[in-house]
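Notes follow the structure.
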DNA sequence: AGTATATACGAACACGCGTTCGATGTCAAG
DNA sequence: CTTGACATCGAACGCGTGTTCGTATATACT
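Chains as they are written, first to last, in the numbering used here: chain S, 1 to 220; chain F, 221 to 440.
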């Protein structure tokens, strides 16, 4: 039997949630996120998914569902986290920030699979990864070919390494963020580069870097 | 602080349960299986595990806990690779290369668990990880707090990023390796630092860097 | 029309489950 | 001996969460 659109959506949400949080969602969590107000409707659709063999359910157990099949084994393993690899970061352009709600389910995204503990217990929501293109971020000690894992947010705390779009320079830069009495200081990780001071209105925070990975294989 | 026997047992049970069932256990499930009658005792011990950094908890959420640490279970899974975290890399000292045979299974070693594809198909033998201490490697764009995954070898090919012990300077440095007509050039990744030229006899290769990981969590 | 099936809603029920609190016992420090 | 940190227990509170039931709206087939 063909799955309805809603059932597919539920299935994808279970994938997504389990990967992000390390545990399966509850019926109500599913309902809220696919726009179903009644728990019984979610339950109804879950029973269909179960009959279709896509998920396994355990009765009267909270979060008692899990994905089955090859797909499920990989995604449902709470030790893994899959982060979509959404594009490149280049100096001359702002980072395109995808609509987190929809994009995570787009079919053909590449992704990076990491072990969850690499993220240091941080929230694993709104994460995405970018390939660094060019050496324009070298003042943040980030090089051509590196992968940065970012958390999408528009505010930052002092000391965070953020991707900031500097409006008048039309430029994205990765630097440490410090707010000081009406001025925002962007401090490069490498002290041989200069700190930039800009007005708050001239900066748009695009996200916070949570992980940098540099692979140096044979092709380095 | 050392963990009590009971806490270790709880930790192992969480690991076991999560792997088997695909979801974390509840407090009561833990209690039943390690012989604790009171949920508050389990809660008490979970708080200790959380402070020890072994698990992460989410408040007021059923099954809101997950492991953050690593252990032998991961070794059995071919998608994981567990790399012993053997110490620190400091400029003033050669890297201590441990006896791989014995140390890897010692209980008290920390380790890093990675997904195998991060290593880009490289041989996964003789790998070990080191914490970078201090900014002495900044000319390789490697900073205080980074984790470098190294492959132990005493030779290098041109272009490899190697840890090199420079004998007369009594110093370890991470640079790109180039052999040219009787001279070894050590080129920093950051072009604003200078290339070092040394005689082959004055250099001991200690290993090749295959991966650099920089975690920028809240504690960055 | 009448009937069956698929899909959806909201409410109510009962147990699941994290949280909190008071009480008890142990053991080393003061 | 007293104190305080540590570890444990049992019980109660209250929200979390799966389950069930009555109802409603389509669509298709009889």
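Ideal Cβ positions, reconstructed from N, Cα and C, are used throughout, including at glycine.
Any idea what DSSP makes of residue 320 of chain F, helix, strand or coil? Residue confidence is low: residue 320 of chain F scores 43 on pLDDT, short of 50, so the model does not pin down where it sits. No coordinate-derived value is stated.
For residue 101 of chain S, which residues from the same chain have a beta carbon less than 7 Å from its beta carbon, with the 5 sequence-adjacent residues on both sides left out? Reliability fails at residue 101 of chain S, whose pLDDT of 42 lies under 50, so the model's placement of it is uncertain and the value that follows must be treated cautiously. Taken in chain order, the list of residues that qualify is empty.
CB contact below 8 Å: residue 143 of chain S versus chain F: Yes - at least one Cβ of chain F is within 8 Å of the one on residue 143 of chain S.
Contact with chain F by residue 215 of chain S, beta-carbon distance below 8 Å: Residue-level contact by beta carbon holds for residue 215 of chain S and chain F, with a gap shorter than 8 Å.
Of the residues F/388, F/429 and F/227, which one's Cα is nearest the Cα of residue 371 of chain F? Per the C-alpha coordinates, the member of F/388, F/429 and F/227 positioned closest to residue 371 of chain F is F/429.
Decide if residue 42 of chain S is buried, meaning its Cβ has at least 16 other Cβ atoms within 10 Å, or exposed. By the neighbour-count criterion, in which 16 or more other beta carbons inside 10 Å mark a residue as buried, residue 42 of chain S falls on the buried side.
C-alpha gap between residue 258 of chain F and residue 184 of chain S, whole angstroms: Taking the Cα positions, residue 258 of chain F is about 51 Å away from residue 184 of chain S.
Can residue 196 of chain S and residue 154 of chain S be called in contact, C-beta distance under 8 Å? Between residue 196 of chain S and residue 154 of chain S, the gap from beta carbon to beta carbon reaches 8 Å or more.
Write down the C-beta distance between residue 46 of chain S and residue 68 of chain S rounded to the nearest angstrom, noting that I regard them as a contact closer than 8 Å. At roughly 13 Å, the Cβ-Cβ gap does not stay under 8 Å, so residue 46 of chain S and residue 68 of chain S are not in contact.
Residue 201 of chain S to residue 181 of chain S span [Cα, whole Å]: Rounded to the nearest whole angstrom, the C-alpha separation of residue 201 of chain S and residue 181 of chain S is 13 Å.
Give, in chain order, every residue of the region 197-212 of chain S whose Cβ lies closer than 8 Å to some Cβ of chain F. If you check each beta-carbon in the region 197-212 of chain S against every beta-carbon of chain F, the ones closer than 8 Å belong to 208, 209, 210, 211 and 212.
Any beta carbon of chain F sitting closer than 8 Å to that of residue 49 of chain S? Taking Cβ atoms only, chain F never reaches closer than 8 Å to residue 49 of chain S, which makes this a no.
Interfacial residues, the region 15-48 of chain S to chain F, with Cβ spacing under 9 Å: Listed in chain order, the positions of the region 15-48 of chain S with a beta carbon within less than 9 Å of a beta carbon of chain F are 18, 21, 22, 23, 24 and 26.
Residue 438 of chain F, buried or exposed, once every other Cβ within 10 Å from all chains shown has been counted against 16: Residue confidence for residue 438 of chain F is low, a pLDDT of 47 falling below 50, so the modelled location carries little weight; the figure read from the coordinates is stated next. Label assigned to residue 438 of chain F: exposed.
On the DSSP bridge assignment, give the partners of residue 38 of chain S in chain order. In the DSSP output, where bridge partners are listed per residue, residue 38 of chain S has none listed.
My output table needs one value for residue 405 of chain F: the three-state DSSP class, helix, strand or coil. Note: residue 405 of chain F maps to strand in three-state DSSP.
Return yes when the Cβ of residue 409 of chain F is within less than 8 Å of the Cβ of residue 399 of chain F, no when it is not. Contact annotation: residue 399 of chain F and residue 409 of chain F have beta-carbon atoms that are not nearer than 8 Å.
Cα-Cα separation between residue 248 of chain F and residue 19 of chain S, rounded to whole angstroms: Across the structure, residue 248 of chain F and residue 19 of chain S are spaced so that their CA atoms are roughly 24 Å apart.
Report yes if the C-beta distance between residue 434 of chain F and residue 366 of chain F is below 8 Å; otherwise report no. Taking 8 Å as the Cβ cut-off, residue 434 of chain F and residue 366 of chain F qualify as a contacting pair.
If I follow the unbroken alpha helix (DSSP H) through residue 241 of chain F, where does it start and stop? Note, residue 241 of chain F: alpha helix (DSSP H), 225-241.
Tell me whether the beta-carbon of residue 164 of chain S lies closer than 8 Å to the beta-carbon of residue 186 of chain S. Against a cut-off of 8 Å, the Cβ pair of residue 186 of chain S and residue 164 of chain S comes out as a contact.
Quick check: the Cα distance between residue 254 of chain F and residue 40 of chain S, rounded to an integer number of angstroms? Approximately 35 Å, taken between the alpha carbons.
As assigned by DSSP and simplified to three states, the class of residue 180 of chain S: Residue 180 of chain S: strand per DSSP, three-state reduction.
Using a Cβ-Cβ distance cut-off of 8 Å, determine whether residue 409 of chain F contacts chain S. By this cut-off, residue 409 of chain F is an interface position.
Within the present structure, is the beta-carbon of residue 119 of chain S separated from the nearest heavy atom of the ligand PLP by less than 7 Å? Annotation note on the ligand PLP: not contained in the displayed structure, which lists no ligands.
So if DSSP puts residue 348 of chain F in a beta bridge, which residue, or which two residues, is it bridged to? According to DSSP, which records beta bridges pairwise, residue 348 of chain F is partnered with F/370.
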